[in-house]
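Residue numbering for the sequence shown is 123 to 245, as defined by the working numbering. As structure tokens, the structure follows; a few thoughts come after it.
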Amino acid sequence: MSWFEIEGKKVFYANYQDLEPEQMIERLHEIIQIYRKEDEKFYSLIDFTNTFLSEAYISEMMNGEIGLLRKQKIIKTAVIGLNFAKVAILDVYRILNSDNKFKLFDTKEEALVWLSSEIKLHA
């Protein structure tokens, strides 16, 4: 996980790449702690490459604090590394949490180009 800037705006990189299901839940809890500490809104990039969305992780995403924090803190999110099944889960999350700030991409490069254009659009 790390912070970087695009066009002078903060972007949080939530890297789940290659994590095991238990590690993903731990990472989610770490992300919640980071989001709690942030005073200003920011953009995010989430990487789910080579991961499995376990039932426990999905439950945390659907029912946990992260949904509220995302509404309060996130401007837009680019997501990479999702296969068809993960996309379906994300769609359910969007509906249940009224969170339409996501856009899905095949590559990190495409995601970064989109984030840059969104930042310029809202500058």
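Beta carbons are placed, not taken as given, at the ideal position from N, Cα and C, and that holds for glycine.
Extent of the continuous beta strand (DSSP E) to which residue i belongs
i, result
"Asn137", "131-137"
Residues that DSSP places opposite residue i in a beta bridge
i, result
"Val214", "The partner list for Val214 (beta bridge, DSSP) is empty, contrary to what the question assumes."
"Val201", "Ile168, Leu226"
"Phe126", "Val133"
Through-space distance from residue j to residue i, alpha-carbon basis
i, j, result
"Gly189", "Met183", "7 Å"
"Glu152", "Leu175", "17 Å"
"Leu226", "Asn172", "15 Å"
"Glu240", "Asp161", "21 Å"
"Glu129", "Ala233", "14 Å"
Bounding residues of the alpha helix (DSSP H) (the contiguous stretch that carries residue i)
i, result
"Ser181", "177-185"
"Glu162", "Careful: Glu162 lies outside any alpha helix (DSSP H) and carries neither H nor E."
"Leu190", "188-195"
Nearest-angstrom beta carbon gap, residue j and residue i [assumed within contact, 8 Å]
i, j, result
"Tyr157", "Leu191", "4 Å"
"Ile196", "Lys223", "6 Å"
"Leu167", "Ala200", "5 Å"
Beta-carbon gap between residue i and residue j smaller than 7 Å
i, j, result
"Tyr165", "Arg149", "no"
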